[in-house]
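Novice: Questions regarding the structure given below will be posed in turn.
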Amino acid sequence: MTNCPDTLTSTSAPHEVQLQQTVDVLDGATSVTILCHVQPDADTIGSGLALGIVFARKGVPVQVAFASPDKLPVSMEGLPGTELLVPAAAVAEKADLLVTVDCGSAGRLGSLASRLDGARRSLVIDHHRSNTRYGMLNLIDDSAESTTAVLVKLFDLWGVPIDADLAHCLYAGLVTDTGSFRWAQEGTHTLAERLLSTGIDGAAIARSLLDTHPFGWLPMLGSVLSSAVLARDAVGGRGLVHAVIRCSDWAGLGSEEVESVIDIVRTTVEAEVAAVLKESAPGSWSVSLRSKGSVDVAAVAERLGGGGHRFAAGYTASGADDSVIAALREALG
Ligand SMILES: [Mn+2]
Numbered sequence: 001m002t003n004c005p006d007t008l009t010s011t012s013a014p015h016e017v018q019l020q021q022t023v024d025v026l027d028g029a030t031s032v033t034i035l036c037h038v039q040p041d042a043d044t045i046g047s048g049l050a051l052g053i054v055f056a057r058k059g060v061p062v063q064v065a066f067a068s069p070d071k072l073p074v075s076m077e078g079l080p081g082t083e084l085l086v087p088a089a090a091v092a093e094k095a096d097l098l099v100t101v102d103c104g105s106a107g108r109l110g111s112l113a114s115r116l117d118g119a120r121r122s123l124v125i126d127h128h129r130s131n132t133r134y135g136m137l138n139l140i141d142d143s144a145e146s147t148t149a150v151l152v153k154l155f156d157l158w159g160v161p162i163d164a165d166l167a168h169c170l171y172a173g174l175v176t177d178t179g180s181f182r183w184a185q186e187g188t189h190t191l192a193e194r195l196l197s198t199g200i201d202g203a204a205i206a207r208s209l210l211d212t213h214p215f216g217w218l219p220m221l222g223s224v225l226s227s228a229v230l231a232r233d234a235v236g237g238r239g240l241v242h243a244v245i246r247c248s249d250w251a252g253l254g255s256e257e258v259e260s261v262i263d264i265v266r267t268t269v270e271a272e273v274a275a276v277l278k279e280s281a282p283g284s285w286s287v288s289l290r291s292k293g294s295v296d297v298a299a300v301a302e303r304l305g306g307g308g309h310r311f312a313a314g315y316t317a318s319g320a321d322d323s324v325i326a327a328l329r330e331a332l333g
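Numbering of the sequence shown is given in the UniProt record's numbering, commencing with residue 1 and proceeding in unit increments.
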């Protein structure tokens, strides 16, 4: 035990009671499948790899996987533990324990949701408020900045020392899910300091995850941002800004380039809510929503079949882009 676990177990908050149960389940596992969400970000991959490394070190057979796309985003290739990743088709049908990380619903597992049925036990570790509690055991801490922050609590209680390799994976989720610490809360910087004190290069990790794009990103941004629309009368007059990234806009680029656009669009001062429609296949959209504070976009996304956090959420939709936007405006009121 490294970090005063007593303070974690003595409180009666539901997720903290589940921390000990979760550790008991993790500790007793004889074979483990760890699943990350589709279109993985650094929090789901960082969590999956960190937990995978712990099991591998204990000599427990472990696989880490996500259903799609086929390849790990380039920005995450430098994370420790990537040798534990297996292609979706190679994920064992059965496991003693299946753990999902940072995945708010079974649907976010994509084709790998089928593996839930083959597991003797399933455990969901997440920080999305909208989590549907689809596991046999659910550790949902919606006060946590990232799923990797939840894992730090688990590792402390489990007696797992956090070395540089684990810290690298955990920091990856923390720095990205807090928007480079823009959304830091009490305790965030203490956690960051603890991870950085293992000797990891925080600047290099942040640069590779957040500030590295091919040159083709620039003309894509130019094209997409120049066609952004400000609807001042939407959201009850508080304003909606939206932009559309078509397949043709991001051909040859990666998910990092597509996911970066919302962070620019959401800065629009005239709009309370920002939306970016990302075309994954012709007529198939993944929609990112951001709120400045007064609109709960998780609730909006849930009404449209998705989920997320109060200020950052998403969902999928199909059809013409203007009908997707019309449905969004309707849901936003
Ligand atoms: Mn997350």
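Even glycine gets a Cβ: it sits at the ideal position worked out from N, Cα and C. These numbers come from a predicted model, not from an experiment.
What residues are listed by DSSP as bridge partners for W285?
Specialist: Answer is E279, A317.
Novice: Where does the unbroken beta strand (DSSP E) through V38 begin, and where does it stop?
Specialist: Segment: none, V38 is in no beta strand (DSSP E) and carries neither H nor E.
Novice: What's the gap between the Cα of F181 and the Cα of A65?
Specialist: So the two alpha carbons sit approximately 27 Å from each other.
Novice: With respect to 7 Å, is the separation between the Cβ of H127 and the closest non-hydrogen atom of ligand 1 below this value?
Specialist: Yes, Cβ of H127 sits closer than 7 Å to a heavy atom of ligand 1.
Novice: Quick check: the Cα distance between V160 and T198, rounded to an integer number of angstroms?
Specialist: Spanning the two alpha carbons is a distance of roughly 14 Å.
Novice: For ligand 1, I want to know if T147 counts as a neighbour, meaning its beta carbon is within less than 7 Å of at least one of the ligand's heavy atoms.
Specialist: Yes, the Cβ of T147 comes within 7 Å of a heavy atom of ligand 1.
Novice: Helix, strand or coil: how does DSSP classify G307 here?
Specialist: G307 falls in the strand class under three-state DSSP.
Novice: Measure how close the beta-carbons of H128 and G319 come, nearest whole angstrom, since I'm counting them as under 8 Å.
Specialist: Incorrect: roughly 26 Å between the Cβ atoms, too far for contact.
Novice: How long is the line joining the alpha carbons of A29 and G283, rounded to whole angstroms?
Specialist: Whole-angstrom Cα-Cα distance: 42 Å.
Novice: Name the DSSP beta bridge partners of D126, please?
Specialist: In DSSP, D126 forms a bridge with I140.
Novice: Among the candidates T190, S227, L35, V101, whose CA atom is the shortest distance from the CA of S114?
Specialist: Among T190, S227, L35, V101, the Cα nearest to that of S114 belongs to L35.
Novice: Find out if the Cβ-Cβ distance for the pair S111, A88 is shorter than 8 Å.
Specialist: Contact flag set, yes.
Novice: Determine the burial state of W183: buried for a count of at least 16 other Cβ atoms within 10 Å of its Cβ, exposed for fewer.
Specialist: Counting Cβ neighbours within 10 Å, W183 comes out exposed, since fewer than 16 surround it.
Novice: Within 10 Å of its beta-carbon, does D6 have 16 or more other beta-carbons around it, so buried, or fewer, so exposed?
Specialist: Reliability of the predicted coordinates at D6 is poor, the pLDDT of 34 falling under 50, and the value obtained from them is presented with this limitation in mind. Exposed is the call here.
Novice: Do E259 and V235 have their CB atoms nearer than 8 Å?
Specialist: Taking 8 Å as the Cβ cut-off, E259 and V235 do not qualify as a contacting pair.
Novice: Helix, strand or coil, according to DSSP, for D201 in the structure here?
Specialist: Three-state DSSP puts D201 in coil, outside helix and strand.
Novice: Per DSSP, A95 is paired with what?
Specialist: Per DSSP, A119.
Novice: Helix, strand or coil: which one does DSSP assign to T132?
Specialist: Correct three-state label for T132: coil.
Novice: Ignore the nearest five residues each way along the sequence and tell me which others in D201's own chain have a CB closer than 7 Å to its CB.
Specialist: Nothing listed; no residue qualifies.
Novice: According to DSSP, is H242 part of a helix, a strand, or is it coil?
Specialist: Here H242 sits in strand by DSSP.
Novice: If we count the other Cβ atoms within 10 Å of its Cβ and call it buried at 16 or more, is D249 buried or exposed?
Specialist: Result: buried.
Novice: Tell me where the alpha helix (DSSP H) around V295 begins and ends.
Specialist: Taken as a continuous stretch (DSSP letters only), V295 belongs to no alpha helix (DSSP H), as it is neither H nor E.
Novice: Is any heavy atom of ligand 1 found at a distance shorter than 7 Å from the C-beta of D102?
Specialist: D102 Cβ: within cutoff of ligand 1.
Novice: If you follow the beta strand (DSSP E) that V64 is in, where does it begin and where does it stop?
Specialist: It spans 62 to 65 - the beta strand (DSSP E) in which V64 sits, taken as one unbroken run.
Novice: Give the straight-line distance between the Cα atoms of I325 and V99, rounded to the nearest whole angstrom.
Specialist: Cα to Cα, I325 sits roughly 35 Å from V99.
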